[in-house]
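Peer 1: Below: one structure in structure tokens.
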Amino acid sequence: MRLVSFDPFRGLGLAQQFVKPEHWLRELPLLRAADVLLYPESWQVNGLCHVLRKEIFPNLASYRLGWDKIEMTRAFQLAVPDALPETLILPANERGAEQALDLLGLPLVVKEPRNSMGRGVALIQSRSELLRWVDRAEVLYAQQYLPNTGDVRVVWVGRQVAAAYWRRNAQGFHNNVARGGEIDFSGVPAAAVELVQRTAPLLGVDHAGFDVMMVDGHALLLEFNVLFGNDALNQAGIDLKPIILDYLASAYRPPLQPPRAA
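The opening position of the sequence shown corresponds to residue -4 in our numbering, with each subsequent residue numbered one higher.
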């Protein structure tokens, strides 16, 4: 199988050849000859899939749903409506802010639709804070605040859960490892893993780090990141490459040639 990666770090040990995203136009023969193109930049996806008609990994569903929290949330609402914190997508104006306050109360969580690693997320404690937020936002994405000491990151690769671990906040609001969250692989609730096993196939994604909050023993889905961090996996000695290669070999096996007529 011919694999070409646009990311030299994530593609190491997977791809035979590498192309810098900014050089993709000069490498069209190589891209056309590949069976699967690995880890493209989001701005490349439409051209690769719809013009060159290439297979990509992560797949198209992973990029389309993972790129924007609004699109992601609407997909969650269709797939697992019973497993979401209350979430509002409203106009970023005073009326939208008042509606969020009426329905969610304080404190509440607001998020920028396109951000990751804990950036663009804030815990709103007052009406004035919320009004300042909507003043600079394009859309108000507001979510029920769930008091917690951590969340569960469930890593989905191909068609399976590859790893699951707690991310615990030593202090402050964020659980993200990039923001100082601590990693703990022990005592991961089965309900968190089962929720992802139920959700990921419905979404059609094949590479995602799902964030799951446990509330009174009930698993709630927060979001997923397509290009999730590997620090926790590296610390635990978990290698995703064999899982990825097995998945690609089974999912994108070249079609069999039809038998010749006698």
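We treat Cβ as the ideally placed atom computed from N, Cα and C, and that holds for glycine.
1) DSSP on P254, reduced to helix/strand/coil?
2) Is E50 helix, strand or coil by DSSP?
3) Under 8 Å: do the segment 130 to 139 and the segment 75 to 86 share three or more Cβ pairs, one atom per stretch?
4) Could you give the residue range of the alpha helix (DSSP H) that holds P86?
5) Could you tell me whether the Cβ atoms of W151 and F205 are closer together than 8 Å?
6) Does the beta-carbon of L251 have 16 or more other beta-carbons within 10 angstroms, so that it is buried, or is it exposed?
7) In whole angstroms, give me the CA-to-CA distance for G182 and E107.
8) The ligand SAH and D226: does the residue's C-beta get closer than 7 Å to at least one heavy atom of that ligand?
9) What's the C-alpha gap between P253 and A28?
10) Taking only three categories from DSSP, how would you classify S121?
11) Please look up how many angstroms separate the CB atoms of Q299 and V156, rounded, as I've assumed it's under 8 Å.
Peer 2: Taking the structure as given:
1) Only weak support exists for where P254 lies, its pLDDT of 47 falling under 50; the value from the coordinates is given anyway. Of the three classes helix, strand and coil, the one that applies to P254 here is coil, per DSSP.
2) strand
3) yes
4) That residue, P86, is in no alpha helix (DSSP H); its beta strand (DSSP E) goes T82 to P86.
5) yes
6) Residue placement at L251 is poorly supported in this model, since its pLDDT is 39, which falls under 50; the coordinates still yield a value, given next. When all chains shown are included, L251 counts as exposed.
7) 31 Å
8) Absence of the ligand SAH from the depicted structure is noted, as is the absence of any ligand whatsoever, leaving it without description.
9) Unreliable positioning characterises P253 in this predicted model, as indicated by a pLDDT of 46, which lies under 50. A coordinate reading is not provided.
10) If DSSP states are grouped into helix, strand and coil, S121 belongs with coil.
11) With the chain covering only -4 through 257, there is no way to say anything about residue 299.
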